[in-house]
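Going by full-length UniProt numbering, the sequence shown opens with residue 1, and the numbers climb by one from there.
Just so it is clear, CB atoms sit at the ideal spot from N, CA and C, and this is done for glycine as well.
It should be emphasised that the depicted structure is a prediction, and the values quoted were computed from it without experimental measurement.
Working notes, beginning with the structure itself.
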Amino acid sequence: MFLSVFDVFKIGIGPSSSHTMGPMSAANRFLALILSAEWPRPAGAHVAALKVSLHGSLAFTGIGHGTGRAVILGLMGEEPASVDPDRMDAIIDEVERTGRVTPPGHPPYEFQPKTDLIFDKKQPLPGHANGMSFSAFDRDGRLLLKRIYYSIGGGFVVTDTELEAMRMPKKSSSDSRVPYPFSTAKQMLDMSRGSGLTIAQMKRANEETRMSAAELDAGLDRIWEAMRSCIDRGLKVDGIMPGGLKVKRRAKAIHDKLNEEWRSNRLNPLLANDWLSVYAMAVNEENAGGGRVVTAPTNGAAGVIPAAIRYYLHFHEDATDEDIRNFLLTAAAVGGIIKHNASISGAEVGCQGEVGSAAAMAAAGLAAVMGGSPEQIENAAEIALEHHLGMTCDPIAGLVQVPCIERNALGAVKAVTAASLAIKGDGTHFVPLDACIETMRQTGNDMSEKYKETSTGGLAVNVVEC
Ligand code: SF4
Numbered sequence: 001m002f003l004s005v006f007d008v009f010k011i012g013i014g015p016s017s018s019h020t021m022g023p024m025s026a027a028n029r030f031l032a033l034i035l036s037a038e039w040p041r042p043a044g045a046h047v048a049a050l051k052v053s054l055h056g057s058l059a060f061t062g063i064g065h066g067t068g069r070a071v072i073l074g075l076m077g078e079e080p081a082s083v084d085p086d087r088m089d090a091i092i093d094e095v096e097r098t099g100r101v102t103p104p105g106h107p108p109y110e111f112q113p114k115t116d117l118i119f120d121k122k123q124p125l126p127g128h129a130n131g132m133s134f135s136a137f138d139r140d141g142r143l144l145l146k147r148i149y150y151s152i153g154g155g156f157v158v159t160d161t162e163l164e165a166m167r168m169p170k171k172s173s174s175d176s177r178v179p180y181p182f183s184t185a186k187q188m189l190d191m192s193r194g195s196g197l198t199i200a201q202m203k204r205a206n207e208e209t210r211m212s213a214a215e216l217d218a219g220l221d222r223i224w225e226a227m228r229s230c231i232d233r234g235l236k237v238d239g240i241m242p243g244g245l246k247v248k249r250r251a252k253a254i255h256d257k258l259n260e261e262w263r264s265n266r267l268n269p270l271l272a273n274d275w276l277s278v279y280a281m282a283v284n285e286e287n288a289g290g291g292r293v294v295t296a297p298t299n300g301a302a303g304v305i306p307a308a309i310r311y312y313l314h315f316h317e318d319a320t321d322e323d324i325r326n327f328l329l330t331a332a333a334v335g336g337i338i339k340h341n342a343s344i345s346g347a348e349v350g351c352q353g354e355v356g357s358a359a360a361m362a363a364a365g366l367a368a369v370m371g372g373s374p375e376q377i378e379n380a381a382e383i384a385l386e387h388h389l390g391m392t393c394d395p396i397a398g399l400v401q402v403p404c405i406e407r408n409a410l411g412a413v414k415a416v417t418a419a420s421l422a423i424k425g426d427g428t429h430f431v432p433l434d435a436c437i438e439t440m441r442q443t444g445n446d447m448s449e450k451y452k453e454t455s456t457g458g459l460a461v462n463v464v465e466c
């Protein structure tokens, strides 16, 4: 199994990797397919119109998550990493006004969002809770091409065939094309003992089979730069977040207060928690506002890892660029194991798979840069994940705001506590990380659909929207 650090950490836009970035990428995949020779195109047939239907969790919470907007932008050829958040409204207005999409390199296609973009709450697709069906028609309304895609969390999009292949028995899944093909935490620790390398060094060696060391470093630095700028923007903006819940942005006001306390040397016994929380909330407020964020491993959980890194830098003035790279590589190693053996999708396993995974990854990264051994790093990840087990996904009004923003703050606090506990021990511990990941998978399977990003249970039905 090999999941690149750049698959785990992807620069994109908010508010959701599975409900915004995934559908935008799926639309782009479908556009590329239309131009390709990979389907039996009847002689003389030309695609003239498109239709899209969204199913399962995408249908239930798609409006709050901006899924419809993401599909329209994707059909206009926009991609998560490069779309300009300031131009999105204008692009969508144009499609609604003209009733067609005009992606670069394609002829215009008829697409009237009101009728051609369907939120189908009745018929989930069989493969995954986040299903999408894209269809292309000729001028006479004849169906030419249809594809099902699934957005499986963290911005990853697969076809139904790819999903089936992913679900094949995992015994043969170790990827021998990389020098350290670990797909479980146990394998990771065994390989580390056998090689004498740290987790970050093994992950680096795997990545360097695909790119040079300089490219890897530059990419990691770009990821941290995008995370850092996201925090900085989130700390400067206040006001009300979009979507209708009228939730206030709080990060700026809290940050101003903390800065004032810091400058005046006032004693604050909650100092560490406050800084961690404000950094995480800044990211998730940006995400809720549709701003530029990095999946870590998802958008909904995007605040935990940047908060833990920024916190580390805040209190460790001697930290280096190499520390940040090692943090990201270690976190990605753990995230890859979780994704491979369970899920990072709230629609599949609840929030334990999103904020729980992010906390495990952050705890691992932090333990690594604080000098933890591979065993202590594995312990840190396990502690953080264990104490998110069973956590449901029930965002109010389908918006990635409540409980998501504060939940990231709490996830960051748990991650730091987990790292701290782990590095005070000797690495031996009771519950292996692999057992904890398997528990998360089983708990997610048993969890009612109400608590898996459908906003039909939990806080979403017990808090009156005003
Ligand atoms: S509750 Fe958790 S999993 Fe659900 S949308 Fe919010 S952050 Fe994502």
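Look at M88 here: in three-state DSSP terms it is helix.
With contact defined as three or more Cβ pairs closer than 8 Å, the region 276 to 283 and the region 402 to 414 are in contact. Ranked by Cα distance from H387, the first of N130, S455, A363 and G372 is A363. Rounded to whole angstroms, K10 and A48 show a C-alpha spacing of 33 Å. For the pair E79 and I72, the Cα-to-Cα distance works out to about 11 Å.
E317 counts as exposed, since fewer than 16 other beta carbons sit within 10 angstroms of its beta carbon. If you check the C-beta of C436 against ligand 1, you find no heavy atom less than 6 Å away. Under the DSSP assignment, A362 falls in the alpha helix (DSSP H) whose first and last residues are V355 to V369. With 16 or more other Cβ atoms from the protein chains shown falling within 10 Å of its own Cβ, T392 counts as buried.
The region 246 to 257 makes no contact with the region 320 to 333; the number of CB pairs closer than 8 Å stays below 3. Inter-segment contact for the region 179 to 195 and the region 285 to 293 is absent: fewer than three beta-carbon pairs are separated by less than 8 Å.
Counting only runs of at least 3 residues, the UniProt domain "Serine dehydratase beta chain" (4 to 161) fully encloses the following beta strand (DSSP E) elements, listed from N- to C-terminal order: 11 to 13, 49 to 56, 117 to 120, 130 to 137, 143 to 153 and 156 to 159. About 7 Å separates the beta carbons of A342 and G353, which is inside the 8 Å limit, making them a contact pair. The Cβ atoms of F327 and G372 do not sit closer than 7 Å to each other. When the beta-carbon positions are compared, H128 and H65 stay at least 7 Å from each other. Closest in C-alpha terms to G350, from the list G336, C404, V95 and R228, comes C404.
Between G427 and F119, the alpha-carbon positions lie close to 49 Å from each other. Under the DSSP assignment, R292 falls in the beta strand (DSSP E) whose first and last residues are R292 to V294.
Measuring C-alpha to C-alpha distances from I199 to each of F111, L216, G99 and A332 identifies A332 as the nearest. Not a single heavy atom of ligand 1 lies less than 6 Å from the C-beta of G153. For the options G234, G291, V416 and F137, the alpha carbon positioned closest to that of A70 is the one of G291.
Boundaries cannot be given for F2, as no alpha helix (DSSP H) includes it and DSSP labels it neither H nor E. Inter-residue distance for A32 and D256 is about 47 Å (C-alpha atoms, whole angstroms). Between the region 257 to 267 and the region 200 to 216, the count of Cβ pairs shorter than 8 Å is below three; the stretches do not touch.
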